[in-house]
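With the first letter of the sequence shown counted as 1, position 42 gets the number 99 in my numbering; the numbers rise by one all the way through. Have a look at the structure below, then the notes.
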Amino acid sequence: MDTKLLDILACPVCKGPLVHFRDEEVLVCRADRLAFPIRDGVPVMLEEEARQLSSEDPLMAR
């Protein structure tokens, strides 16, 4: 993903920062515990497409 795009993207729910995990192809909002998928290089920033993360999920600890 382009770093300029990552700089302007925000969580669509809380407008907070997102963390990019390249290997998992997701953008994570730690505040809302949501993982937004990246499909074919395009982030899918829809709340209904996001995966809810548990507090024990490894993506929350990194």
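Yeah, the Cβ is synthetic: ideal placement off N, Cα and C, and Gly gets one too.
- Contact check for residue 88 against residue 110 fails: the beta carbons are separated by 7 Å or more.
- Apart from the 5 residues on each side of it in sequence, residue 76 sits with its Cβ closer than 6 Å to the Cβ of 85 in its chain, given in chain order.
- Secondary structure at residue 91: strand, using DSSP grouped into helix, strand and coil.
- Per DSSP, residue 84 is one residue of the beta strand (DSSP E) stretching across 83–86.
- Between residue 69 and residue 117, the C-beta gap is not smaller than 7 Å, which leaves the two residues out of contact.
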